[in-house]
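Residue numbers (this note's numbering): -5 to 663. Virtual Cβ for every residue (Gly too), placed ideally from N, Cα, C. Beneath this line is the structure, given in structure tokens, with notes to follow.
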Ligand code: IVH
């Protein structure tokens, strides 16, 4: 394709997506994908300046105003921000600004880039008189009546307000409110929103303000347009924000002053780390020149000011296509629908699969093979399919028919009477066995490195392993025969298996895969019974006497050990040489009664080791920070948990202090 043809194509595509986004509030592609199109067009137009036309999407700011609302002409154009995506581009931005201003270092203000909808508010003599969307930057829509319903938007400013004030800011919905709102929509059988931004946009542009009022919209101010009748001229952006706050407008408390580029980099890293702990969604850092005089001198290029840039975060949502749907059989026999996706880079990793929890979810989302979907992966969370992009359907998509028979052993499946779970009815299904072995080998259990899902399946399929204890009889030549297994990895695996023989009671109990017994319960049981035989023979009453053990769990544990197969497995494991160390006496350690959260990477201990050390010293380890947390241990690259701890005022210590508390030398591991 020639550049000219591609330019035409890109313009058409961008116009189409602008319409979907701005006018219909129903985007078909992710922001990242849109940005990629826009950048490609920009680059091509740069290469061929003669092909730039006034109607090119690069020459305007955004979508055209909708006809259903009155039009409002902004007194000052509402610009949008140029984007940058990596450090090199940020460095370029700073270099350009410094060069234009003729200085060595620039003072910036760094703000979170709110992921909502840009609006303008007009106050006359301190009274809110008009509010509008950005529209195309010149003409927007009058949404005054709807904005009046936004709870934290002041209708009246505090004393000292100027004659006329145009405030620019973002209307958005907090993550928690978004969730609640979507649950309510679902409960009423209505379509949920894809993300908080679309929800905010959709809610603000309702023709009936009563509907808007029922939505949890919030507002945050970040810029000023026209400002008339102010006694003293403003010099900096910071002064501007402080003044807005003084007049009673909500501004973002999260803001970083940056003296030069390095400070901007640090602010970016901090914000990225705190991203998930913030109550609202953001998609980057806005870097703004602080001096208003400098801004004046820098001016603007067609669509955006030269004095600011949006340094975008890696996307957490991307679109991709479903290539296959199949039912995966887990260690309890439960069938879980899994979507195989065209690999996409999202949330910092390449995702090629997403689990749908059960058949109901599959049906609710109406997911079909061939569908385009939004995939989301935020932080360490498992990737999920947020929504199907139904507008991209061609008619060739195929619904997935849930199997009536186990895809692995062909036995019939049955839906549990009280739940959404569908299970294979064959207790000896090879998939169950493979799943149980995988669990047995997992990190919190026997911790056998290198024994992953595929290998477990191969061991079961080839008949090499029919029970846990047979793992301990595996030889290097046997393993080396398997597909994709060399001599070396076979040897490593045999060593890893042998190394797992020395274990602790809690790991051992967890490894057995007793229904409802997770890592925490395994530890509780280990601390209480302190030996394998005592747990094996514990009656329901004895189990009920254990702290945190309820009737369901007691029945489950008792039931498990009443099964002769389960008892034989335990015996066989012990005979195979598994050595189970009883828990150490709960020392009056330095962490007695404390709930500790670990975050980031420690140099001298693995997560597991740190956890065990804390527990030996009488403490409990929890996965998330709350008011009940006594202490957070922050290693390298601590992220949102650290931010949360700071927010809640929970004590934070570093690795050195942690080791000192454990009275452990940093060399021991
Ligand atoms: S300043 C010319 N500050 O990002 C500068 N914008 O394309 C005007 N946004 O339309 C915008 N957080 O919707 C600014 N702290 C912030 C922002 C922010 C989010 C949005 C706004 C704007 C878009 C930039």
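(message) Using a Cβ-Cβ cutoff of less than 7 Å, which residues in the same chain neighbour residue 386 once the five nearest sequence positions on both sides are dropped?
(response) For the purposes of this step, residue 386 is taken as residue 392 along the chain shown, with counting starting at 1. Closer than 7 Å at Cβ, skipping near neighbours: 22, 366.
(request) Return the chain-ordered list of same chain residues with a C-beta closer than 6 Å to the C-beta of residue 271, the five sequence neighbours on each side being excluded. (result) Start at 1 with the first residue of the chain shown, and residue 271 comes out as number 277. Result list for residue 271: 634, 637, 638, in chain order.
(request) Tell me, to the nearest whole angstrom, how far the beta carbon of residue 463 is from that of residue 474; I am working on the premise that it is less than 8 Å. (result) Counting from 1 along the chain shown, the entry for residue 463 is found at position 469. Counting from 1 along the chain shown, the entry for residue 474 is found at position 480. Actually they are not in contact, since the Cβ atoms of residue 463 and residue 474 sit about 21 Å apart, beyond 8 Å.
(request) Could you spell out where the beta strand (DSSP E) holding residue 222 opens and where it closes? (result) The sequence position of residue 222 within the chain shown is 228, counting from 1. Here the beta strand (DSSP E) through residue 222 covers 211 to 222.
(request) State buried or exposed for residue 96, treating a residue as buried only when at least 16 other CB atoms are found within 10 Å of its CB. (result) In the chain shown, residue 96 corresponds to position 102, counting from 1. Exposed, because fewer than 16 other Cβ atoms sit within 10 Å of the Cβ of residue 96.
(message) If I measure Cβ to Cβ from residue 662 and keep anything under 6 Å in the same chain, skipping five residues before and after, which residues do I get?
(response) Taking the chain shown and counting its residues from 1, the one referred to as residue 662 is at position 668. Below a pLDDT of 50, predicted positions are generally treated as unreliable, and residue 662, at 34, falls in that range; no measurement from the model is reported.
(request) Would you tell me roughly how many angstroms separate the C-alpha atoms of residue 108 and residue 114, rounded to the nearest one? (result) Counting from one through the chain shown, the residue named residue 108 turns up at place 114. Counting from one through the chain shown, the residue named residue 114 turns up at place 120. Going by the C-alpha atoms only, they are around 15 Å apart.
(request) Give me the Cα-Cα distance between residue 443 and residue 494, rounded to the nearest whole angstrom. (result) Walking along the chain shown from the start, residue 443 turns up at place 449. Walking along the chain shown from the start, residue 494 turns up at place 500. If I take the Cα positions, the gap works out to 9 Å.
(request) Inspect the beta-carbon positions of residue 209 and residue 276 and report whether they are closer than 9 Å. (result) Numbered from 1 along the chain shown, position 215 holds the residue referred to as residue 209. Numbered from 1 along the chain shown, position 282 holds the residue referred to as residue 276. No, the pair does not count as a contact, with Cβ atoms beyond the cut-off.
(message) Buried or exposed for residue -5, going by 16 or more other Cβ atoms inside 10 Å?
(response) Mapped onto the chain shown, residue -5 falls at position 1. The residue is exposed, with fewer than 16 neighbouring Cβ atoms inside 10 Å.
(message) Quick test of the definition: if touching needs 3 or more C-beta pairs under 8 Å, does the stretch 418 to 436 touch the stretch 367 to 380?
(response) Three or more Cβ pairs closer than 8 Å define a contact, and the stretch 418 to 436 falls short of that threshold against the stretch 367 to 380.
(message) Measuring alpha carbon to alpha carbon, tell me which residue in 596, 515, 501, 283 is nearest residue 576.
(response) The count along the chain shown starts at 1 and reaches residue 576 at position 582. Nearest of 596, 515, 501, 283 to residue 576, Cα basis: 501.
(request) Assess, as a yes-or-no matter, whether the stretch 401 to 419 is touched by the stretch 454 to 462 under the definition of 3 or more beta carbon pairs within less than 8 Å. (result) no
(request) Within the same chain, show all residues whose beta-carbon is closer than 7 Å to that of residue 28, passing over the 5 residues directly before and after it, in chain order. (result) Taking the first residue of the chain shown as 1, we reach residue 28 at position 34. Here the set comprises 11.
(request) Taking only heavy atoms of ligand 1 into account, decide whether any of them is closer than 8 Å to the Cβ of residue 73. (result) Residue mapping note: residue 73 aligns to position 79 of the chain shown, counting from 1. Yes, since a heavy atom of ligand 1 falls inside the 8 Å radius drawn around the Cβ of residue 73.
(request) State yes or no: is the C-beta of residue 136 within less than 9 Å of the C-beta of residue 64? (result) Indexing the chain shown from 1 puts residue 136 at position 142. Indexing the chain shown from 1 puts residue 64 at position 70. Against a cut-off of 9 Å, the Cβ pair of residue 64 and residue 136 comes out as a contact.
(request) Work out the CA separation of residue 225 and residue 289 for me, nearest whole Å. (result) Here residue 289 corresponds to residue number 295 of the chain shown, with the count starting at 1. Here residue 225 corresponds to residue number 231 of the chain shown, with the count starting at 1. When only Cα atoms are considered, residue 289 and residue 225 end up about 21 Å apart.
(request) Determine the DSSP secondary structure at residue 102, reduced to helix, strand or coil. (result) The residue you call residue 102 lines up with position 108 of the chain shown. Strand, per DSSP.
(request) With residue 379 as the anchor, note down where its beta strand (DSSP E) starts and where it stops. (result) Against the chain shown, residue 379 aligns to sequence position 385. Segment 378 to 382, the beta strand (DSSP E) holding residue 379.
(request) Taking residue 357 as part of the beta strand (DSSP E), name the residues at either end of that continuous run. (result) On the chain shown, position 363 is the one that residue 357 refers to. Careful: residue 357 lies outside any beta strand (DSSP E), inside the alpha helix (DSSP H) at 353 to 359.
(message) Tell me the rounded alpha-carbon separation between residue 410 and residue 417.
(response) Position 416 of the chain shown holds residue 410. Position 423 of the chain shown holds residue 417. About 7 Å.
(message) Looking at ligand 1, does it come within less than 8 Å of residue 528, judged from the CB to the closest heavy atom?
(response) Mapped onto the chain shown, residue 528 falls at position 534. Result no, Cβ not under 8 Å from ligand 1.
(request) Kindly say whether residue 155, judged by its beta-carbon, lies nearer than 9 Å to any beta-carbon of chain D. (result) As a matter of chain content, chain D is missing from the structure shown, which is built from one protein chain.
(message) Need the endpoints of the beta strand (DSSP E) that residue 576 sits in, please.
(response) Position 582 of the chain shown holds residue 576. Element bounds for residue 576: n/a, residue is neither H nor E.
(message) Quick check on the burial criterion: 16 or more other C-beta atoms within 10 angstroms. Buried or exposed for residue 306?
(response) Taking the chain shown and counting its residues from 1, the one referred to as residue 306 is at position 312. So residue 306 ends up on the buried side.
(request) With DSSP collapsed to three states, give me the class of residue 59. (result) By one-based count along the chain shown, residue 59 stands at place 65. Residue placement at residue 59 is flagged as unreliable, the pLDDT there being 46, under the threshold of 50; the coordinate-derived value follows with that caveat. In this structure, residue 59 counts as coil in the three-state DSSP scheme.
(message) For residue 172 and residue 188, what's the separation of their Cα atoms in angstroms?
(response) Taking the chain shown and counting its residues from 1, the one referred to as residue 172 is at position 178. Taking the chain shown and counting its residues from 1, the one referred to as residue 188 is at position 194. CA-to-CA, the gap between residue 172 and residue 188 works out to about 10 Å.
(message) Please report the distance separating the alpha-carbon of residue 610 from that of residue 298.
(response) Counting from one through the chain shown, the residue named residue 610 turns up at place 616. Counting from one through the chain shown, the residue named residue 298 turns up at place 304. Distance between the alpha carbons of residue 610 and residue 298 is about 58 Å.
(request) Specify the secondary structure class of residue 368 as computed by DSSP and reduced to three states. (result) By 1-based counting over the chain shown, the position of residue 368 is 374. Here residue 368 sits in strand by DSSP.
(message) Pairs of beta-carbons, one from the stretch 257 to 268 and one from the stretch 149 to 167, closer than 8 Å: are there three or more?
(response) no
(request) Determine the DSSP secondary structure at residue 420, reduced to helix, strand or coil. (result) Along the chain shown, one-based indexing puts residue 420 at 426. Here residue 420 sits in coil by DSSP.
(request) Could you pull out every unbroken alpha helix (DSSP H) segment of at least 4 residues lying fully inside the stretch 513 to 597, listed in chain order? (result) Residue ranges of uninterrupted alpha helix (DSSP H) with 4 or more members, entirely inside the stretch 513 to 597 and ordered along the chain, are 513 to 523, 526 to 530, 534 to 538, 545 to 556, 558 to 569.
(request) Determine the burial state of residue 140: buried for a count of at least 16 other Cβ atoms within 10 Å of its Cβ, exposed for fewer. (result) Here residue 140 is taken as the residue at index 146 of the chain shown, counted from 1. Buried, because 16 or more other Cβ atoms sit within 10 Å of the Cβ of residue 140.
(request) Would you list the one or two residues that DSSP bridges to residue 399? (result) On the chain shown, position 405 is the one that residue 399 refers to. Answer is 406.
(request) With residue 349 as the anchor, note down where its beta strand (DSSP E) starts and where it stops. (result) Taking the chain shown and counting its residues from 1, the one referred to as residue 349 is at position 355. Run containing residue 349: 343 to 349, per the beta strand (DSSP E) assignment.
(request) Pair every Cβ in the stretch 521 to 535 with every Cβ in the stretch 581 to 601, then say whether three or more of these pairs are closer than 8 Å. (result) no
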